[in-house]
Amino acid sequence: MIPKHYLLYSLGGFAIFFMFIMWTTSDYRNQAISLKTSLDFKPVYNNILNNNFELANKNTGIVNNDTEIVNNNAENVTSIVIKETTRPPELTTTPKKDPMKYILIWTLPRRDPLMYLGEGQGVFIRKKCPVNNCYVTTNHSFKKLTDFDVLLFNLKEFNDKPKPNLPPERSPHQIYVFESIESSDYYPLCASWFDNYFNLTWTYKLDSDIYYGYMIIRNKQGEIIGPNAVMHWEKLENMDPIDDKIKEKLKNKNKAAAWIVSNCNAPSGRDQFVRQVQNELKQYGLIVDIYGNCGTIKCARNIMPKCLETVEREYYFYFSFENSFADDYVTEKLLSALNHYTVPVVFGTANYTRFMPDGIYLNAKELGAQELAKQMSEIINDKERYYNFFKWHNHYSYHELEEVPETDFHCKLCEKVNSKEVTEGVNIHEHIREWWNPKKIRPGGCAYGMLP
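Going by UniProt numbering, the sequence shown opens with residue 1, and the numbers climb by one from there.
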């Protein structure tokens, strides 16, 4: 006799088999799959309602040409019928990979930062940029001009030309980026066509869309705090005194000041000012040693690190004199002074409190040659006063932008052109000349004059 439990198992298996056959041969397989309306599926609904099944399927993986609309009302979609599915609905919210952003360097890539972008995606991968789906080329024929996502323009390549070479056509989705590491005093925007032309700015100015300056400031917790238009510095009197390690670095200094310069007779008039300071320092038995093309001590670019080692070891002050005057125009000269244990002597028109706390530098332009020489002499002869200029080391640190991907200027470019504010709404700089140019353009600054 067959045991009862065997009979029960057999009957159960037969019932399951019968239900399977019924399901595969009936209309159950084509039963509607109802998807409730949500923000996540809104783009899918819209694509389907517009018969764009290919795009809908790209976003979800579940829609094909057999899809039917139950309620053909774009404002109130209640459900979608899907006769065939290749993936269960719960997987349809998987985020899709961002498309590549194609960037064309329109002007010649002869200057920073364009000259180091290279070709392709390599620079963003090599620098480990958090966002790296950017492809750069200088080849204008790489693809149709209007198909590029971004075009880069270096100011120095076209600002002094009466009829610069500009793109003959432009797509509404394209982002035009204005780039300059040179000061607005040296290279103003003269022609009226600059207004309402660029979407993004990539410059040293602190309110640029993409900041491309010379330094980043961190607090002792490693957080980026500047430079910014408004800084909340620790007051000098509240800063901790320097330790023996810093005093050891300062003890062998025996020369007044160093200046490393290769651009002679710059528009700022710094050369003439240094000569005045030299004359004033003579009465104190002090001199300024000038390195580089404009001085008597050679310092080629390839031996700059050795020159700065000498500055750190032997000099009390370092002249951080800019070649031209412009808001926020503060270059690597200041970073060299701060990171090589010398007191910066600045010469420019930037608001330096955006870059340093008061009391850690001397402002040559404000003091004048005579008072500057006097203060330099007094500080050299007062060791404790000199020590105070270095108390900031206990609270802050200065870094180059390219030290880490988080602040790298190439990484920031790719990140910006992928940002929602750029991809979802095209910004335009209506009055870029007013934003960029100094209040008074020096004679000869605009070779072809300011156009209306």
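From the three backbone atoms N, C-alpha and C, an ideal C-beta is built for every residue, glycine too.
- In the DSSP assignment, the residues bridged to residue 344 are 318.
- When secondary structure is reduced to three states using DSSP, residue 326 falls in the coil class, being assigned neither helix nor strand.
- With contact defined as three or more Cβ pairs closer than 8 Å, the stretch 282-294 and the stretch 207-223 are not in contact.
- Residue 185 has its alpha-carbon roughly 10 Å from the corresponding atom of residue 443.
- Shown here for residue 312: same chain residues with a beta carbon closer than 6 Å to its own, the five before and five after excluded, namely 340, 341 in chain order.
- Residue 369: member of the alpha helix (DSSP H) spanning 364-380, first to last residue.
- Counting C-beta atoms within 10 angstroms of its own C-beta, residue 201 has 16 or more neighbours from the protein chains shown and is therefore classed as buried.
- About 5 Å separates the beta carbon of residue 255 from that of residue 314, a gap short enough to meet the 8 Å contact definition.
- The distance from the Cβ of residue 389 to that of residue 343 is about 5 Å, consistent with a contact at the 8 Å cut-off.
- Within the same chain, Cβ atoms closer than 6 Å to the Cβ of residue 102 are found at 135, 148, 149, the five residues on either side in sequence being excluded.
- For the set 140, 422, 408, 428, the Cα lying nearest the Cα of residue 127 is the one of 408.
- Residue environment for residue 164: exposed (fewer than 16 other C-beta atoms within 10 angstroms of its C-beta).
- A straight-line Cα-Cα distance of about 7 Å links residue 369 and residue 280.
- In this structure, residue 104 keeps its C-beta atom at 8 Å or more from the C-beta atom of residue 166.
- Scanning the stretch 252-326 from its first residue to its last, the whole beta strand (DSSP E) runs of 3-plus residues come out as 255-260, 288-291, 315-321.
- Restricted to the stretch 208-241, the beta strand (DSSP E) segments that are unbroken, complete and at least 3 residues in length are 216-219, 224-226, listed in chain order.
- DSSP places residue 205 in the coil class of the three-state scheme, outside both helix and strand.
- Assignment of residue 134 by DSSP, reduced to helix, strand and coil, places it in the strand class.
- If the five residues before and after residue 197 are omitted, its C-beta is found closer than 7 Å to the C-beta atoms of 176, all from its own chain and listed in chain order.
- For residue 179, the enclosing beta strand (DSSP E) begins and ends at 175-180.
- By the CB criterion at 8 Å, residue 391 and residue 242 fall inside the cutoff.
- Annotated as distal: residue 402 and residue 215, with beta-carbon spacing of 8 Å or more.
- A direct Cα-Cα distance of roughly 11 Å separates residue 229 from residue 327.
- Ranked by how close their Cα comes to the Cα of residue 429, the residues 297, 189, 266, 260 have 189 in first place.
- Secondary structure note for residue 413: its alpha helix (DSSP H) is the uninterrupted segment 409-418.
- Non-local beta-carbon contacts of residue 393 in its own chain, meaning distances under 8 Å to residues more than five positions away in sequence, involve 242, 246 in chain order.
- Just so you know, the alpha carbons of residue 425 and residue 137 end up roughly 25 Å apart.
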